[in-house]
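Scroll down for the structure; my scribbles are underneath it.
Protein chains: 2
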Amino acid sequence: MIREALLMLVALGSLGAVADEGMWSLDSLPAKQLQSLYGFVPDAAWLRHARLASLQFDGNCSASFVSPSGLIMTNHHCVDKCLRTLSAVQKVNYNAKPFVARSQATEVVCPDTEVEQLLSTDDVTEKVRAATKGVAPEKFHDALVAVGNQLEKACVGTEEATIRCDLVDLYHGGQYQVFRYKRFNDIRMVFAPESSIGSFGGDPDNFNFPRFNLDVSFLRAYENGKPAVTPEFFSWRNEGAKGGEVIFVTGHPGGTDRLLTVAELEYQRDHELPRRLQGAAYRRGLLHQLARQSPHLKEIVEDPTHTLENGIKVMRGEHNALLEPRLFERKRQEEQVLRKAIAKDPALAKEVGDPWAEIAAALVKQRPLAERSSLLRITSPVFKVAQYLVRGAAQRTKPEAERLPEYADRSLPDWQRKMAAPTPLFLEIEGPALASGLYLMRDGLGTDDPTVRSILGSKSPDTVAREAVKGTKLADPKVRLALWNGGQAAIEASRDPMILLAKAFESEVLALRKRFETEVEGPRSRASERVAKAYFAVHQRDTYPDATFTLRLSFGKVVGWQRADGVSIEPQTKVGALWERATGEEPYALPPSWLSAKKKLDGATPFNFVTDNDIVGGNSGSPMIDAQRRVVGLAFDGNIESIGGSYWFDETVNRCVGVHPAVVTEALRVVYGSKWLVDELLSTATPLAPN
Amino acid sequence: MIREALLMLVALGSLGAVADEGMWSLDSLPAKQLQSLYGFVPDAAWLRHARLASLQFDGNCSASFVSPSGLIMTNHHCVDKCLRTLSAVQKVNYNAKPFVARSQATEVVCPDTEVEQLLSTDDVTEKVRAATKGVAPEKFHDALVAVGNQLEKACVGTEEATIRCDLVDLYHGGQYQVFRYKRFNDIRMVFAPESSIGSFGGDPDNFNFPRFNLDVSFLRAYENGKPAVTPEFFSWRNEGAKGGEVIFVTGHPGGTDRLLTVAELEYQRDHELPRRLQGAAYRRGLLHQLARQSPHLKEIVEDPTHTLENGIKVMRGEHNALLEPRLFERKRQEEQVLRKAIAKDPALAKEVGDPWAEIAAALVKQRPLAERSSLLRITSPVFKVAQYLVRGAAQRTKPEAERLPEYADRSLPDWQRKMAAPTPLFLEIEGPALASGLYLMRDGLGTDDPTVRSILGSKSPDTVAREAVKGTKLADPKVRLALWNGGQAAIEASRDPMILLAKAFESEVLALRKRFETEVEGPRSRASERVAKAYFAVHQRDTYPDATFTLRLSFGKVVGWQRADGVSIEPQTKVGALWERATGEEPYALPPSWLSAKKKLDGATPFNFVTDNDIVGGNSGSPMIDAQRRVVGLAFDGNIESIGGSYWFDETVNRCVGVHPAVVTEALRVVYGSKWLVDELLSTATPLAPN
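Protein sequences appear in the order of chains A and B. First residue of the first sequence? That's -1 in this note's numbering, and the numbers climb one at a time after it. First residue of the second sequence? That's -1 in this note's numbering, and the numbers climb one at a time after it.
Encoded structure:
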């Protein structure tokens, strides 16, 4: 039987990571694989340095220190929020114009922006197991939250201003670790290009290659009003990597589903993705039409449209991947191999039980709850602010242990900061955005649903939205902060229509969340732990955990690929070819700065390139480094084939797309006249010893 | 083995129709079933009368004669096109105002509207078999088209002005019949209510119940300038049917997929429906935002929005039905029963081969072709006119036998009439509509696709759309007609940008159609014929064919149902309850005519009601008649559960929704002051003998 299982594994070539596959935790790199592929294995000092030079950027991107003076590199598309805020505050449109600090002294604070550096990780699996042992499925989620809160609180201590700690679930309950981060909250903008070159090609070229995106920005971390001292940083290798050379991507991949059960994947394919794709398509049509109404609206909807369209491409790619029959064949066979191996071991079989059946049962309950919750999830930004205010006030009337985990004491200053931040809310588009949410709610739940009746009364979604947007004062940060600080009394006294609307949703939204945690998440987590346990018992820990927005290392090399239609794609583009693609019509219209610099730019400068590093959303802004820890690129995208990477890695076609270091310095010098910044980057370009 | 199969059948309770299931051809009613359920079986005279009093309405609805003077009853939502045209011609908004002819003399022609009466059917199965015998799969579609054209042509003879003939494929190739229709082309509007009562409750209440829709309109067929003489009509029974009494629905259900193979249903679930739902959601978001821009645009987008939203509800319901695990369990078991029975009969097995595998193989080819075709299918009405003109001109340069079948000689006068009709095209919304099509095309095929490049050049979808709409003259019927009449020379000389745009699509669109017919439709049809043959061999013809937009009879009774949430729904609503649901906000705002008639209307008047007749889209406008062939209702909708009727019939929940005769006459008298029309209806209300 084991022999049969092994034969199947060989035939499938699947279990355990192969070749350049994997988003590895820094504490469990596949040394043998690295040695045989590249003859190089990072040692402890290398890893420590890479860890401290790598950053999590504002909760959803990656970044890195690229000078000893706190200079941070990330993607242009990761600084959307900061540019939007600076545009509003300075009355300059930083989508249309570049942000170029002329010296370090003129760098400008990005409000409400946080960058985090991983200080340490601590394996707490046994502590978590002890706290959840024997807990019933319906109490399991609460028990996990309680022990998580306790561990995080102990880890942060009294340093909540500078330390953040997260309990991280790896291998779907196979391992638990506490990640301890240093927080940088004074982040200032140094350089960001115009969005027409920062995301040249827009949505059509997103996830495509050949590509010409200067998707880079620079910021700087400050401490006590001065540039942070950051001895661990990645130095600059302007010429990039050579072919065949190992390239590491160090960053924070957000999420993969490679270890899910077949039932969980089917749920995504049949229910989750089709539903979300429809909602997103509806909002996209609406935003496109809004953009046609006036230049002002066009400007305002640009950011949300980018975000939405990126999400649509990802979901569509995932759905297509799940519709590949061979994906499910492989996943089914893998599951069979594991289940047969368990059946051979009575003690293990007894311990593990049938978690697959438990997960499948939880998914049956998940469907109606997820559908209803999604219909009651209104994505209008101003509504969400109102919702946070209403919820935050109510939560703070309770003892900490009874609150939702995101309202623990240590998080309250962050909420306050967020409410006080001058992040703009564009009421011009909030009416349609809110109406569309209310519309889809009534559409899905029906006119006669009691919650719909209580929210809309006898009014139409458009009327309710219009009145709420017209009357709200929440676009003013002072009003938001006052309501936050005023707590429950202020919320109860408020007649702001957006607050009243958020209140109308609150009890059912919270009840659904509770039911979801009790009936779905708890039972699923509890069952998943036992799948992981079985996996480790049968296969040992021969693979990497699914991505969890925590620091990972992937490895690979510069290499093109062959598309399904047979076309071979070269791995690198050059500045010279940009001019052909620039038709002058959006999204292929270059900014004036590039058009006027055309003659001065060296056409032979490498622009974008692809590698077979295994990355996923969240890796945006990740440095691509060589064995000597020098920057040889900046990851900003994957190819369209890489989206299937949510479920499996196919080295033959899965590609990471990066900005080449040479185009960054060329553009800074020639287009943006930022010699001082180039000097700062290049002054550090002394190679370190390779270990 | 047969015993096993029979036991399975009993357990499944599925093969062969049961109870009130079925959309039966008039020539193969289930007499035993009718006798046992209702003690009544229509005889030949009854059926002849019902056939001649039933009408197909303008290609996509059903209707009936309800007086001997050509008076036609159908739904309000079936006369959209006529009302839109009359609104444009008369400069009156017939969405907001009722159309009420004050006498027969003031009835107004509905341009480009055709009503058809089924004269006869002719079984041509053997002729079709002979023509396609031994034909290779890739030639099969062409062979079918050729024999169809030949049979239809012979059936029409020289009477193309008054006769239409269709080759109809029943049981997916199990039987072929030629349907011969009398055409009525002079159709005049008699009465249509405001859309706010004609589709009261709008999209939210569509497919729901309780309901309050006066979804009725009256028209009249004319011949030689006088009301047509129509001795076969359904008389009026104002009090409606009693509980338990048999009710027949006679009409033209458009399409069901109850006899498809499992692979075909999976294809719909996984590929077809998710793709179409996403495209529709995008267009819906766009239309909703267009409606917010101005009252004028709101008015214009009302019709396309209704059509789109109805389609979305249907597709969503179908997708949900296909996501029911028990549906596929049953379909798989049915298929197994059939395949096992075939395997038991070597001669049959040899004759049938493995059509299931052939269908599955065709579906693999279908997916990329269907996706690409759908991305090149632009739904903008003005673009479609241009496409018809370009195609029609090119087709007419060929001998008839080489043309696409819709451009046969006998159809050319219809095309000409269509081009000359004053059907309005609203250029105000064509820009966004066209842009959205071009946008989705680029979105799906990519900027670098050769067809996309040849269509867009270096321009954006919005620019191309804007220029084409700005420059086109096709909104003028005279221009359309001149281009049609001018043929290929006129099209070649035309510089109309919409014509040029349509030309840019033409070669690939036609090539894709050809590939689809050759690689997908032909092989599928050829294989489906053998599935049908096997089915008939094993089960005899114990069931009704899938719906095909041809005349069918279903039977049932007035009966409520229990919803999935346990709520029991009463089968009938009354006028009195309308006032509670009328909030004054769209789509629950009543028109002024109803508000001012409130006191005079009898609250006890039945309004809408449900029966368990088996109906589907295309049945809209069907008369609901009793055993004495009297009108006891007008079908206009199904409940939400009925949408799963595309795949199977569940008598416990599947309901047809009708307008009660009493509310029609009450509204005509009290709200619209149309006593003469009520008199015409009631003067015929003499019951016929029950057979």
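Quick reminder that beta carbons are idealized off the backbone N, C-alpha and C, glycines included. Only a predicted model underlies this, so the values are computations on that prediction, with no experimental measurement involved.
Which same chain residues, not among the five before or five after F381 of chain A, have their C-beta less than 6 Å away from its C-beta? L432
Alpha carbon to alpha carbon, how far is P589 of chain B from I195 of chain B? Give it in angstroms, no decimals. 7 Å
When you compare the CB of Y533 of chain B with every CB in chain A, is at least one pair closer than 7 Å? Chain A contact via Cβ: absent.
Identify each residue in the region 583 to 598 of chain B for which the Cβ-Cβ distance to at least one residue of chain A is less than 7 Å, and report them in chain order. Going along the region 583 to 598 of chain B in chain order, one finds E583 and E584 with a Cβ nearer than 7 Å to chain A.
Going along chain E in order, which residues have a C-beta closer than 9 Å to the C-beta of N206 of chain B? The structure shown contains no chain E; the protein chains it does contain are A and B.
In the DSSP assignment, what residue or residues form a beta bridge with T581 of chain A? Paired residue(s): none; T581 of chain A is not in a bridge.
Using CA coordinates, which residue listed in A:G57, A:S118 and A:E114 is at the minimum distance from R46 of chain A? A:S118
I need the straight-line Cα distance from P688 of chain B to G249 of chain B, nearest angstrom please. Caution is warranted here: a pLDDT of 39 is assigned to P688 of chain B, below 50, making its placement in the model unreliable, and the coordinate value is therefore given only provisionally. If you take the alpha carbons of P688 of chain B and G249 of chain B, they lie about 20 Å apart.
Taking just the CA atoms, how far does V573 of chain A sit from G601 of chain A? 5 Å
P202 of chain B versus chain A: which residues are under 8 Å apart at the beta carbon? R440, D441, G444 and T445
Do A360 of chain A and R522 of chain A have their beta-carbon atoms positioned less than 7 Å apart in this structure? The beta carbons of R522 of chain A and A360 of chain A sit closer together than 7 Å.
Using three-state DSSP, classify E221 of chain B as helix, strand or coil. strand
Taking the alpha carbon of A562 of chain B as the point to measure from, which residue in B:A660, B:N637, B:I357 and B:A509 has its own alpha carbon closest? Nearest of B:A660, B:N637, B:I357 and B:A509 to A562 of chain B, Cα basis: B:N637.
At least three beta-carbon pairs within less than 8 Å, the region 442 to 454 of chain A to the region 639 to 651 of chain B: no
Interface positions of the region 638 to 662 of chain B facing chain A (Cβ-Cβ less than 7 Å), listed along the chain: none
Could you confirm whether any beta carbon from chain A is found closer than 7 Å to the beta carbon of L288 of chain B? yes
Go to N483 of chain B, then tell me how far its alpha helix (DSSP H) extends in each direction, as first and last residue. P475 to A491
Proximal chain A residues relative to Q291 of chain B, where beta-carbon distance stays under 7 Å: Q291
Within the continuous alpha helix (DSSP H) that includes I641 of chain B, where are the two ends? Run containing I641 of chain B: none; DSSP gives neither H nor E here.
Looking at chain B, is there any beta carbon in it that lies within less than 7 Å of the beta carbon of G172 of chain A? no
If you follow the alpha helix (DSSP H) that M313 of chain B is part of, which residue opens it and which one closes it? P293 to L320
Rounded C-alpha distance that separates L346 of chain B from L149 of chain B: 30 Å
Once you ignore the five residues that flank P251 of chain A on each side, which residues in its own chain have a CB closer than 7 Å to its CB? M21, A545, R550, I613, V614, G616 and N617
Does S456 of chain B get closer than 7 Å to chain A when you measure Cβ to Cβ? yes
Check for me: the alpha helix (DSSP H) holding A152 of chain B runs from which residue to which? In this chain, the alpha helix (DSSP H) harbouring A152 of chain B covers P135 to V154.
If you draw a straight line from the C-alpha of Y670 of chain A to the C-alpha of P135 of chain A, how long is it? 58 Å
K342 of chain B (DSSP reduced to helix, strand or coil): For K342 of chain B, the three-state secondary structure derived from DSSP is coil.
Using beta-carbon positions only, say whether L425 of chain A and A463 of chain A come within less than 7 Å of one another. no
Let me check understanding here. Comparing Cα to Cα, which of B:R314, B:R539 and B:S197 lies closest to Q711 of chain B? No information on residue 711 of chain B is available, as it lies outside the stretch -1 to 689 that chain B covers here.
S65 of chain A versus D352 of chain A: straight-line alpha-carbon distance, rounded: When rounded, the distance between both Cα atoms is 52 Å.
Chain B partners of P430 of chain A, CB-CB under 7 Å? What P430 of chain A touches in chain B: Q287 and R290.
If we define contact as Cβ-Cβ less than 7 Å, is P366 of chain B a contact residue for chain A? no
May I ask you to report which of helix, strand or coil DSSP gives M417 of chain B? helix
At the 7 Å Cβ level, is P272 of chain B part of the contact set with chain A, yes or no? yes
Rounded to the nearest angstrom, what separates W354 of chain A and E369 of chain A at their Cα positions? Whole-angstrom Cα-Cα distance: 22 Å.
Apart from the five residues just before and just after S101 of chain A, which ones in its own chain have a Cβ nearer than 7 Å to its Cβ? W674
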